[in-house]
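Since the structure comes first, as structure tokens, the remarks are kept for the end.
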Amino acid sequence: MNDIRDTCNLKTTLSEWGEPAFRAKQIEEWLWKKGAQTFGEMYNLPLKLRQKMTETFTFHQTAIVMEQRSKDGTAKFLFALHDDTLIEGVLIPTEARVTACISSQAGCPLQCTFCATGNLGFIRNLHYAEIFDQYMLMNRKSEEFYGRPISNIVYMGMGEPLLNLDNVVRSVELLTGKMGQALSPSRITISTAGVISGIYA
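Counting from 749, one number per residue, gives the positions in the sequence shown under our numbering.
This is the structure we're talking about:
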């Protein structure tokens, strides 16, 4: 079964099921505005539709399996992806902002001497939904820990973002788009170790 968040023909599928066109927009809002992690959360959809979606699609979930907080308020998270791959993210609070440091790959193919991630080797690229999930999960923690949402994002976690460019760009579109989180693009920074082809792209 295909993951619901990687289904390009959602509108077509819903039409074949006899569902009205607005259902696709409702589902997209649950996925990218509200960050739903299960079909059961989509309470404004008919029960029969939710059941059919459960039978037709998978829902790859990301979960926080460990968190650590330092005295300065910085919080580090270990995420488990649907295939048990582990990645890390960090929240960095200051008086002016809360910055989320998110990963774009599990491990890293580069072996920069200043970075411990390179010693892990390269496991795989992250899907744009897995990048998006890091923001959603850490944003809830930011509200819990600091009483305010994430204000800035840096793609400076595990991996080289420009070696996973398509998924990184799509995740930025979801984070900044009206059908997503509507964040300001000026508050998102994509870091690179110097992948020239990605910079020109």
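Each residue gets a CB set at the ideal place from its N, CA and C atoms; glycine is no exception.
All of these numbers come straight from a predicted model, not from anything done at the bench.
Mind checking which residues open and close the alpha helix (DSSP H) that includes Ile775? Along the sequence shown, read from residue 1 onward, the residue named residue 775 stands at position 27. 770-780 is the extent of the alpha helix (DSSP H) around Ile775.
If we call anything under 9 Å between Cβ atoms a contact, is Ile850 one with Tyr903? As a working mapping, residue 850 is identified with position 102 in the sequence shown. As a working mapping, residue 903 is identified with position 155 in the sequence shown. Their beta carbons are under 9 Å apart, which means Ile850 touches Tyr903 by this criterion.
Skipping 5 residues on each side, what residues in its chain have a beta carbon closer than 8 Å to that of Lys800? The residue given as residue 800 occupies position 52 in the sequence shown. Closer than 8 Å at the Cβ level, and outside the excluded window around Lys800, lie Trp765.
For Met832, which three-state DSSP category applies? In the sequence shown, the residue the question calls residue 832 occupies position 84. For clarity, residue 832 is Asp in the given sequence; the question names Met instead. Residue state, collapsed to three classes: coil.
Cut-off 8 Å between Cβ atoms - residues of its own chain near Asn750, not counting five sequence neighbours on either side: In the sequence shown, residue 750 corresponds to position 2, counting from 1. Only Phe805, Thr806 meet the Cβ criterion.
Residues in the same chain with beta-carbon distance under 6 Å from Val838, minus the five sequence neighbours each way, listed in chain order, please. Reading the sequence shown from its first residue, position 90 is the one you call residue 838. Closer than 6 Å at Cβ, skipping near neighbours: Lys824, Cys849.
Could you tell me which residues DSSP puts in a beta bridge with Arg753? Walking along the sequence shown from the start, residue 753 turns up at place 5. Answer by DSSP bridge pairing: none, since Arg753 is not bridged.
Looking at C-alpha atoms only, which residue of Asn900, Gly928, Pro909, Gly942 is the closest neighbour of Arg935? The sequence position of residue 935 within the sequence shown is 187, counting from 1. Answer by Cα proximity: Asn900.
Can the beta-carbon of Ile898 be found closer than 9 Å to that of Met886? The residue given as residue 898 occupies position 150 in the sequence shown. The residue given as residue 886 occupies position 138 in the sequence shown. Yes, Cβ-Cβ distance for Ile898 and Met886 is below 9 Å.
When you compare the CB positions of His808 and Arg845, do they come within less than 9 Å of one another, or not? The residue you call residue 808 lines up with position 60 of the sequence shown. The residue you call residue 845 lines up with position 97 of the sequence shown. No, these two residues do not count as a Cβ contact at 9 Å.
By DSSP's criteria, Val838 is part of a beta bridge. Which residues make up the other side? Position 90 of the sequence shown, counted from the first residue, corresponds to residue 838. According to DSSP, which records beta bridges pairwise, Val838 is partnered with Lys824, Cys849.
By alpha-carbon positions, which one of Ala769, Thr810, Pro768 ends up nearest to Gln785? Along the sequence shown, one-based indexing puts residue 785 at 37. Comparing Cα-Cα distances from Gln785 to each of Ala769, Thr810, Pro768, the minimum goes to Thr810.
Enumerate, from N- to C-terminal direction, the unbroken beta strand (DSSP E) stretches of 3 or more residues contained entirely within the region 869-896. 870-873
Are three or more beta carbon pairs between the region 855-863 and the region 906-915 nearer than 8 Å? yes
Can you tell me whether Met801 is helix, strand or coil according to DSSP? Here residue 801 refers to the residue found at position 53 of the sequence shown. Reduced to three states, the DSSP call for Met801 is helix.
Local conformation of Thr937 per DSSP, three classes: Here residue 937 is taken as the residue at index 189 of the sequence shown, counted from 1. Reduced to three states, the DSSP call for Thr937 is strand.
Quick check: what's the CA-CA separation for Tyr876 versus Leu923? The residue labelled residue 876 in the question sits at position 128 within the sequence shown. The residue labelled residue 923 in the question sits at position 175 within the sequence shown. Approximately 10 Å between the Cα atoms of the pair.
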